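Taking the numbering used here, I'd label the letters of the sequence shown as residues 33 to 155. Have a look at the structure below, then the notes.
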Amino acid sequence: MRHPTEAEPSLEQRTIAAHRLYLAALMRAEALETPEALEAAGHLAIDLSDGDRGAILLEHRERFQDLNDLVDELGYVPKGFAKRSEIDLERAPAREPTAQWGGPCPQPQARAGAQAAPTVRSA
């Protein structure tokens with residue numbers, strides 16, 4: 033039996049990495065279901081040919097099979113699988129520094145048509 037070295041990831045690490053790849057492929061396949069989802073993923077429905085759609089679905093199927101093979105070989109489902117939110121954050125475009133938490137807060141402004149409260153003066 034071979035023991036993994038530092039350069040070679042363990043079977044559990046490879047399974048966790050395979051799950052991350054599978055989840056990303058699944059999310060791309062799900063995005064094919066509606067044009068709105070495609071736009072949210074940064075694609076336009078008209079940009080994808082039947083061949084491109086087929087490639088996305090094939091990748092999903094292959095990633096699923098790879099993951100199942102690794103889980104079967106490992107004998108259990110390891111902890112540490114990625115979540116959809118983590119994949120979404122990795123795929124999201126970089127934000128402007130002011131749009132992130134901790135950036136400058138916008139100052140409150142009066143609504144159009146709103147009247148200021150009357151000033152009370154003492155005599």
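Each residue gets a CB set at the ideal place from its N, CA and C atoms; glycine is no exception. All figures in this text were calculated on a predicted structure; none of them were measured in a lab.
N-terminal and C-terminal residue of the alpha helix (DSSP H) that residue i is part of
{"i": "Ser42", "result": "Looking at the DSSP string, Ser42 is not in any alpha helix (DSSP H), and its letter there is neither H nor E."}
Cβ-Cβ distance between residue i and residue j below 8 Å
{"i": "Ala50", "j": "Asp98", "result": "yes"}
{"i": "Arg46", "j": "Leu102", "result": "yes"}
Cβ shell of residue i (< 7 Å), same chain only, five flanking positions each side left out
{"i": "Ile88", "result": "Arg60, Ala61 and Leu64"}
Residue from the options whose Cα sits closest to the Cα of residue i
{"i": "Ser117", "options": "Glu40, Ala56 and Ala39", "result": "Ala56"}
{"i": "Leu43", "options": "Glu94, Leu106, Lys115 and Glu122", "result": "Leu106"}
{"i": "Tyr202", "options": "Val109, Asn100 and Tyr108", "result": "This structure leaves residue 202 out entirely; the chain is present only between 33 and 155."}
Any non-hydrogen atom of the ligand FMN within 7 Å of residue i CB
{"i": "Ala72", "result": "Of ligands this structure carries none, so the ligand FMN is not represented either."}
Rounded C-alpha distance that separates residue i from residue j
{"i": "Ala124", "j": "Ala72", "result": "10 Å"}
{"i": "Arg95", "j": "Ala39", "result": "23 Å"}
{"i": "Asp84", "j": "Pro41", "result": "32 Å"}
{"i": "Ala114", "j": "Leu58", "result": "13 Å"}
Nonlocal neighbours in the same chain, by C-beta distance under 6 Å from residue i, ignoring five residues either side
{"i": "Gly112", "result": "Ile48"}
{"i": "Asp120", "result": "none"}
8 Å Cβ shell around residue i - same chain, five flanking residues per side excluded
{"i": "Ala131", "result": "Confidence at Ala131 is low in this model, with a pLDDT of 47, below 50, so the placement of that residue is unreliable and no value is reported for it."}
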